[in-house]
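Okay, so here's the structure we're looking at.
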Amino acid sequence: MIKIFLYSLFVFVFINNLSAQRRQNVTINVLGTTPLLGVKYDTRILKEQNNGFGLTAGVGSIELLDDGGDYEASLSFGTNYLFGNGRHQLLIGANIAFVFSRFYPLDSKPKNITRTMFIPDIGYRFSPTKKGFTGQLTWNPLKSNLDRESAYQYFGIGLGYSWK
426 MIKIFLYSLF VFVFINNLSA QRRQNVTINV LGTTPLLGVK YDTRILKEQN NGFGLTAGVG
486 SIELLDDGGD YEASLSFGTN YLFGNGRHQL LIGANIAFVF SRFYPLDSKP KNITRTMFIP
546 DIGYRFSPTK KGFTGQLTWN PLKSNLDRES AYQYFGIGLG YSWK
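Be aware that the sequence shown starts at 426, since it is given in the working numbering, and climbs by one per residue.
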C-alpha cells in the first residue's frame, strides 16, 4: 500500500508541474475510470484551453466489486479529449487501470495478484470557464484481463473542483 501511495504521489507531482497554468480538476468518482470509488486528477495538455486533449491519473478501491478479495486497490492512467467550447463538453477517453489484490486463502500463504482493465469512457462534463464546481457523467464499458467473460457496462459519476 505504501508503494502505491508513493508512486501515486510521484505521478501527481509530475503532472502538477507539467500542468502549470493549465485547466486542472480533481474529482471524486463513483464507478467510472477508478472502479467503484476513487479520486482522479485531470489536466489539459495545452495551456489556456478548457477543451482538447488531457491526461488523467487516479487511485481507487474496488473491494466491493469482486468477491473473495481481502484487499483491492486500483491505479489508473488515461488520456481524453473534450469536445466543445464553454462549460458543456463531450468527453471521450481511454484509460488503463491496474488492480492490485491480496488474497488470503485458508490453506496457503497470501497471494498478490495484479490485473489490468481497459476502461473507455464516453460522456458529458460540466467544466467552469475559470474555477469552481465540475462534474461528469460517463458510460464505461470495462474489459478485464481476468478471464474472457469479464466485461461490464456501467455509468460513472464524478464531482469535484476545477481551476486554472
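Positions of the beta carbon are idealized from the N, C-alpha and C atoms, including for glycine. Being a predicted model, the structure only gives us computed values, none of them experimental.
Which of helix, strand or coil DSSP assigns to residue i
i              : result
isoleucine 538 : strand
leucine 461    : coil
leucine 490    : Residue placement at leucine 490 is flagged as unreliable, the pLDDT there being 49, under the threshold of 50; a coordinate-derived value is accordingly withheld.
aspartate 532  : coil
arginine 527   : strand
Bridge-paired residues (DSSP) for residue i
i             : result
glutamine 474 : The partner list for glutamine 474 (beta bridge, DSSP) is empty, contrary to what the question assumes.
glutamine 561 : Arg550, Gly583
Buried versus exposed, by CB contacts within 10 Å (16 or more), residue i
i             : result
serine 501    : buried
glutamate 497 : buried
serine 533    : exposed
leucine 507   : buried
Cβ separation of residue i and residue j, assumed to be a contact under 8 angstroms, to the nearest whole Å
i             : j            : result
glycine 518   : glycine 503  : 5 angstroms
threonine 559 : tyrosine 586 : 7 angstroms
Cut-off 6 angstroms between Cβ atoms - residues of its own chain near residue i, not counting five sequence neighbours on either side
i              : result
isoleucine 582 : Val455, Leu562
isoleucine 547 : Ile517, Trp564
Cut-off 7 angstroms between Cβ atoms - residues of its own chain near residue i, not counting five sequence neighbours on either side
i           : result
leucine 480 : Ile440, Thr468, Ile470, Thr504
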